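Take a look at the structure set out below.
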Amino acid sequence: MSKILFQKAMEIAKNAIALDEEGNYDTAIKRYLESADILMRYIQLSTNPEMKRICYERAQEYIRRASELREATPSRRRKVSRPRGKRKDGKAPKSSEPLTEEEEKLRDAISETIVVEKPNIKLSEVANLETAKQALRESIILPILRPDLFKGGRQPWKGILLYGPPGCGKTYLSKAIATECDATFLNADAASLVSKWLGESERLIKELFSLAREEAPSIVFIDEVDSIATARGAKEMGGERRIKTQLLIEMDGMKAKKDERIIILGATNRPWDLDAAFRRRFEKKIYIGLPDVKARELMFKLNTREVEIAPDIDFSEFAKLTEGYTGSDISLLCREAVMMPIREIDLTQDITRIDKVRPVSRDDFIAAMEKIKPVVSPEELKQYDEWTQNYGME
Ligand SMILES: Nc1ncnc2c1ncn2[C@@H]1O[C@H](COP(=O)(O)OP(=O)(O)OP(=O)(O)O)[C@@H](O)[C@H]1O
Ligand SMILES: [Mg+2]
């Protein structure tokens, strides 16, 4: 598998070089970056240190060449406006100093890697997770709404880690929290931070935090944080170590400046991979576990809104039948079930001529349950329990 990746990366790089020589710079840039991206993935899979080193050097070389080309090609020198969420008060940004060309370039890179968004998910759309919601209210929403109450001994948490099995709402809940407190939400997915910009990632992280400070109150959300903050070992590359160090420095800086309203929210489904230094800096750790029976019932309701369902359907029955399902399992299951009436028509009749679709029935849901099985195993859940006992909340 990993060998194929390497061959593919080399093929793409060859193509990039050919395009480069032909003068087809725009496509060459894309191909160089694509190749570097694949090499970085290869590095993560490979166990051969020598190959890792070679690939790392090549990837860096391709990224360097791509940046060179980007600079030299006038059509690429777009003036990307600085990525920012709209300020609530509609005022101009705090720092009106013009950016140097270098900074401008990094901001461009940020806008490609980091999404600054105003998510639109209501907390009421997140089923249950009451403990987690309360903990996040205390640590994020209240301090942002009433900074005056959080002084002296009553310091809000600055680093919060959401952990738990995949598909249980870590990302979803984070977005709902950001919606609720109307903060700027800088959404950086760690894997792309590391792989896309490896030469520049540490500066990218610096810029990310300076943008967060300018746009405060803000939440820096690092999804899949384990891909940056893994335990530091001898095998890792210099670049990766520098990214980690930079992130640690920024997190310490945030803690030192008490009146700064920035919160870093990390999410991971592999908390045990986290480096001890990060574990300590995420002061508050919140477990986002499997939904209980009540939460599952609500999820069925939420996922079938705006679809006509048979009147005899009892969601509490489905909730009892889906022990062990995650939020995303249930959302998949519902998508499968509500498609069944449509599929039926498509097989037997001309769908363009139909004006009424039959309601979704109990049998549709039961059939979907047969198809979609829970993804998280009991052994995995045990692993989370153990970690919670050692490091987590409660
Ligand atoms: N508590 C919940 N309430 C409502 N919907 C949920 C909930 N949990 C999960 N979902 C549904 O499952 C989808 C996946 O959830 P999400 O992306 O937040 O999972 P995650 O915990 O971040 O998983 P991963 O660790 O794989 O990133 C959501 O888009 C949502 O539709
Ligand atoms: Mg997620």
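Numbering (the working numbering), first residue to last: 23 to 416. Every residue, glycine too, gets a C-beta built ideally from N, C-alpha and C. In this text, all values refer to a predicted model and were calculated from it rather than measured experimentally.
With distances taken Cα to Cα, identify the nearest neighbour of residue i among the options.
i: residue 309; options: 190, 52, 58; result: 190
i: residue 313; options: 344, 298, 300, 293; result: 344
i: residue 149; options: 172, 236, 25, 318; result: 318
i: residue 327; options: 357, 315, 338, 303; result: 357
i: residue 25; options: 167, 66, 234; result: 66
i: residue 158; options: 195, 34, 265, 295; result: 195
i: residue 282; options: 160, 243, 231, 210; result: 231
i: residue 197; options: 155, 39, 235; result: 155
i: residue 493; options: 184, 186, 207, 143; result: There is no way to answer for residue 493, as the model of the chain reaches only from 23 to 416.
i: residue 229; options: 176, 126, 51, 77; result: 126
i: residue 94; options: 47, 70, 38, 74; result: 47
i: residue 408; options: 143, 188, 50, 293; result: 293
i: residue 379; options: 390, 29, 336, 361; result: 361
i: residue 338; options: 397, 406, 322; result: 322
i: residue 4; options: 391, 123, 227, 199; result: The requested residue 4 does not occur in the structure, where the chain is confined to residues 23 to 416.
i: residue 144; options: 324, 381, 340, 176; result: 324
i: residue 188; options: 77, 311, 295; result: 311
i: residue 315; options: 341, 334, 295; result: 341
i: residue 364; options: 335, 49, 334, 329; result: 329
Sorry if obvious, but does the Cβ on residue i come closer than 6 Å to a heavy atom of ligand 4?
i: residue 193; result: Absence of ligand 4 from the depicted structure is noted, with ligand 1 and ligand 2 being the only ligands included.
Can the beta-carbon of residue i be found closer than 7 Å to that of residue j?
i: residue 182; j: residue 287; result: yes
i: residue 305; j: residue 268; result: no
i: residue 6; j: residue 273; result: The first residue shown for the chain is 23 and the last is 416, placing residue 6 beyond what the model contains.
i: residue 238; j: residue 284; result: yes
i: residue 205; j: residue 241; result: yes
i: residue 297; j: residue 234; result: no
i: residue 201; j: residue 248; result: no
i: residue 265; j: residue 203; result: no
i: residue 64; j: residue 27; result: yes
i: residue 399; j: residue 332; result: no
i: residue 186; j: residue 307; result: no
i: residue 92; j: residue 34; result: no
i: residue 31; j: residue 61; result: yes
i: residue 180; j: residue 277; result: yes
i: residue 355; j: residue 388; result: no
i: residue 359; j: residue 385; result: no
i: residue 161; j: residue 141; result: no
i: residue 299; j: residue 320; result: no
I need the DSSP call for residue i, collapsed to helix, strand or coil.
i: residue 398; result: coil
i: residue 209; result: strand
i: residue 289; result: strand
i: residue 247; result: helix
i: residue 41; result: helix
i: residue 191; result: coil
i: residue 24; result: helix
i: residue 109; result: In this prediction, residue 109 scores a pLDDT of 38, lower than 50, which makes its location untrustworthy; no coordinate-derived value is stated.
i: residue 376; result: coil
i: residue 240; result: strand
i: residue 143; result: coil
i: residue 151; result: coil
i: residue 118; result: Model confidence at residue 118 stands at a pLDDT of 47, short of 50, so the residue's coordinates are unreliable and nothing is read from them.
i: residue 181; result: strand
i: residue 100; result: Residue placement at residue 100 cannot be trusted, given a pLDDT of 34 that sits under 50; what the coordinates show is reported in the next sentence. Coil.
i: residue 256; result: Because the pLDDT of residue 256 is 49, which lies under 50, any placement of that residue in the model is unreliable, and the number read from its coordinates should be weighed accordingly. In this structure, residue 256 counts as coil in the three-state DSSP scheme.
i: residue 170; result: helix
Is it the case that the segment 361-380 contacts the segment 335-350, given that we only count it when at least three CB pairs across the two stretches are under 8 Å? no
Please give the ranges of any alpha helix (DSSP H) in the segment 305-336, keeping only runs that are unbroken, at least 4 residues long and fully inside the region. 315-325
Just to confirm the assignment: which complete beta strand (DSSP E) runs, minimum length 3, are found wholly within the segment 331-368? none
Tell me whether the segment 55-65 and the segment 82-96 touch, counting them as touching only if at least three CB pairs, one residue from each stretch, are closer than 8 Å. yes
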